[in-house]
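Mapped onto UniProt numbering, the consecutive letters of the sequence shown carry residue numbers 1 to 182. For glycine and all other residues, C-beta sits at the position ideal for the given N, C-alpha and C.
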Amino acid sequence: MEPLFQTERITCRQFESGDLQAFADYRALPEVAKYQSWSEYSYQDALTLFDEIKGVEFGCLGHWFQLAILTKDSKQMLGDLAVHFIDGEQIEIGFTFAPDFQGQGYASEAVIGLLTYLFSTLKPHRVIATTDCENLPSWLLLERVGFRREAHFIENVFFKGAWGSEFQYAMLASEWRSGNGG
Numbered sequence: 001m002e003p004l005f006q007t008e009r010i011t012c013r014q015f016e017s018g019d020l021q022a023f024a025d026y027r028a029l030p031e032v033a034k035y036q037s038w039s040e041y042s043y044q045d046a047l048t049l050f051d052e053i054k055g056v057e058f059g060c061l062g063h064w065f066q067l068a069i070l071t072k073d074s075k076q077m078l079g080d081l082a083v084h085f086i087d088g089e090q091i092e093i094g095f096t097f098a099p100d101f102q103g104q105g106y107a108s109e110a111v112i113g114l115l116t117y118l119f120s121t122l123k124p125h126r127v128i129a130t131t132d133c134e135n136l137p138s139w140l141l142l143e144r145v146g147f148r149r150e151a152h153f154i155e156n157v158f159f160k161g162a163w164g165s166e167f168q169y170a171m172l173a174s175e176w177r178s179g180n181g182g
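In structure tokens form, the structure reads like this:
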């Protein structure tokens, strides 16, 4: 399958059926599921998600898409990016990485690659991301790549048996252009 984008070390493309076992394996880990909507994740969950997105054209408004992040050289799956086409001008993103590949700059590289693709190819007005306030690596990554914190929602979501708080981040196309020489 043709890559959506590539960076120095990674390739990002739409999911293929061969990605599903690795995807299910890292999503099933408690440390990965901690800030996600699931507590358990199986191969069947991955297959169901794959079946839901494979028949929908990437970029279709109102839909979420998962993108596979792989090493360029070995094609090993590192994690995934989530992309939600809210409307014609706003896109929401998310990211999940296998613990073995965290802390090595892959997530930052993937998010910057995705932002470059989105702002240069699809040209939305704004990209947003929401993260649990306790998920320090997630919100630090968003700030590191240039997102601006717009909101702190206090106990706004009942999540895994308790009230949780979230930060919402955003980046305007004009902010991306001014911060990236465009």
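Cβ distance (whole Å) where residue i is taken to contact residue j below 8 Å
i	j	result
phenylalanine 167	cysteine 133	6 Å
serine 174	arginine 144	Their Cβ separation, rounded to whole angstroms, is 20 Å, which puts serine 174 and arginine 144 out of contact at 8 Å.
Sequence-distant residues of its chain with Cβ nearer than 6 Å to residue i (five each side left out)
i	result
glutamate 155	Trp163, Ser165
glycine 88	none
arginine 27	Tyr41
serine 138	Thr131
valine 32	Tyr26
phenylalanine 119	Ala173, Trp176
Selection from the options that minimises the alpha carbon distance to residue i
i	options	result
isoleucine 91	Pro99, Val127, Thr71	Val127
lysine 54	Thr116, Phe15, Pro30	Phe15
tyrosine 41	Tyr35, Leu29, Glu52, Asp51	Leu29
leucine 172	Asp19, Tyr26, Gln21, Arg148	Arg148
histidine 63	Lys34, Ile93, Asp73	Ile93
tyrosine 117	Thr48, Phe50, Arg177	Arg177
alanine 170	Ala151, Glu52, Gly161	Ala151
glutamine 21	Phe50, Met1, Glu2	Phe50
glycine 79	Glu52, Lys123, Gln102	Gln102
glutamine 36	Phe153, Val83, Asn135, Asn180	Asn135
lysine 123	Glu31, Gly59, Met1	Gly59
methionine 77	Gly161, Phe159, Phe153, Ser17	Ser17
threonine 48	Phe159, Phe65, His125	Phe65
alanine 82	Val157, Lys34, Gly161, Ala129	Ala129
Beta-carbon proximity list for residue i, same chain, < 8 Å, skipping 5 on both sides
i	result
leucine 141	Phe95, Ala107, Ser108, Val111
arginine 13	Met1, Glu2, Pro3, Leu4, Leu67, Ala68, Leu70
phenylalanine 153	Ser165, Glu166, Phe167, Gln168
Nonlocal neighbours in the same chain, by C-beta distance under 7 Å from residue i, ignoring five residues either side
i	result
alanine 24	Tyr41, Ser42, Tyr43, Asp45, Ala46
threonine 7	Glu109, Gly113
Beta-carbon proximity of residue i to residue j, cut-off 8 Å
i	j	result
alanine 68	aspartate 100	no
phenylalanine 85	leucine 61	yes
lysine 72	isoleucine 10	yes
glycine 105	glycine 146	no
**OP:** Give, in chain order, every unbroken run of the alpha helix (DSSP H) that is at least 4 residues long and sits entirely within the region 66-138.
**Re:** Fully contained in the region 66-138 are the following alpha helix (DSSP H) runs of length 4 or more, in chain order: 106-117.
Practice item. Could you pull out every unbroken alpha helix (DSSP H) segment of at least 4 residues lying fully inside the region 141-168, listed in chain order? Key: none
Which runs of the alpha helix (DSSP H) fall wholly inside the region 11-73 and span at least 4 residues, in chain order?
Counting only runs of 4+ residues, the alpha helix (DSSP H) found wholly inside the region 11-73 occupies 20-27, 30-33, 43-54, in chain order.
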